[in-house]
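Have a look at the structure below, then the notes.
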Amino acid sequence: MACEEKTLVEILEEHNPIDLAKYINYVSAPQAGAIATFSGTTRDSFDGKTVLELRYEAYVPMAIRCLKSICSSARSSWNLHSIAVSHRLGPVPVGETSVFIAISSVHRIDALAACKYVIDEIKASVPIWKKEVYANGEIWKENSEFLERRLELGKNDGGRCGKAAEFKAHDRKGCCGAKVKVNEEGVANIRTDHGGSSEAEYGEDPIHLH
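The numbering of the sequence shown is the UniProt record's numbering, which starts it at 1 and goes up by one.
Encoded structure:
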């Protein structure tokens with residue numbers, strides 16, 4: 001009996017480790033001949049500095065919306081069965097998983113290509129900020145993919161996550177040097193320390209926050 005195609009996107013609250021088996025089981029299906037996974041873990045050093053942990057923050061409604069859009073784009077590009085994406089917030093110690101992706105498909109070529117696409121897009125466009133905590137200090141880190149995408153948006157006047165973007169009533173500064181101002185209409189203006197800005201709209205889709 002065929003199983004329905006499914007998509008699961010979750011952002012986990014602090015101190016909730018990612019259950020890898022849960023997401024692999026979610027995408028498993030009799031008709032799926034392949035399951036591709038990606039697990040992003042905290043490594044113990046960077047540029048000769050000892051890393052103690054990574055800490056993640058996110059604007060959750062916007063992040064969920066972006067993740068769903070990325071999954072939808074992956075489905076339109078490859079023949080996929082089910083997709084599961086999970087990202088932790090808060091501290092993630094060395095050796096633990098911060099982001100996990102599982103994608104099933106009939107043939108491996110689709111699942112493998114889609115898995116790479118999804119993690120690349122997460123790094124480039126999802127508003128999740130990372131701080132590296134060292135033995136002798138800490139620093140917000142900007143993904144190179146995020147910077148490249150931001151510069152590209154500045155040239156093309158495009159939007160994030162496949163559509164124009166905007167946020168809710170506060171200012172914050174993230175690791176990428178981006179200042180996010182959100183108004184009550186759910187519109188965010190994103191300004192960078194290097195000049196330039198972009199805006200985006202976010203609806204109130206149901207979200208999985210655990």
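Glycine included, C-beta positions come from ideal geometry on N, C-alpha and C. Since the model is a prediction, treat every value here as computed from it, not as a measurement.
Assigned secondary structure, residue i (DSSP; H/G/I helix, E/B strand, else coil)
i           : result
residue 135 : coil
residue 24  : helix
residue 179 : Since pLDDT at residue 179 reaches only 36, below the 50 mark, its modelled position is unreliable, and the value read off the structure follows with that caveat. Note: residue 179 maps to strand in three-state DSSP.
residue 10  : strand
residue 36  : strand
residue 157 : Caution is warranted here: a pLDDT of 48 is assigned to residue 157, below 50, making its placement in the model unreliable, and no coordinate value can be reported.
residue 29  : coil
residue 121 : helix
Cα-Cα separation between residue i and residue j, rounded to whole angstroms
i           : j           : result
residue 7   : residue 61  : 17 Å
residue 89  : residue 66  : 16 Å
residue 130 : residue 138 : 11 Å
residue 104 : residue 33  : 8 Å
residue 36  : residue 42  : 20 Å
Any chain C beta carbon closer than 8 Å to residue i
i          : result
residue 53 : Any reference to chain C falls outside this structure, which holds one protein chain only.
Per DSSP, the bridge partner or partners of residue i
i           : result
residue 130 : 56 and 141
residue 45  : 50
Let me know the alpha helix (DSSP H) ranges lying completely inside the segment 50 to 117, each 4 residues or longer, listed in chain order.
Within the segment 50 to 117, the complete alpha helix (DSSP H) runs of at least 4 residues are 60 to 77.
Can we say the segment 55 to 66 touches the segment 111 to 119, given the rule of at least three CB pairs closer than 8 Å?
No, they do not touch.
With a threshold of 8 Å, are at least 3 pairs of Cβ atoms found where one atom belongs to the segment 69 to 77 and the other to the segment 22 to 32?
no
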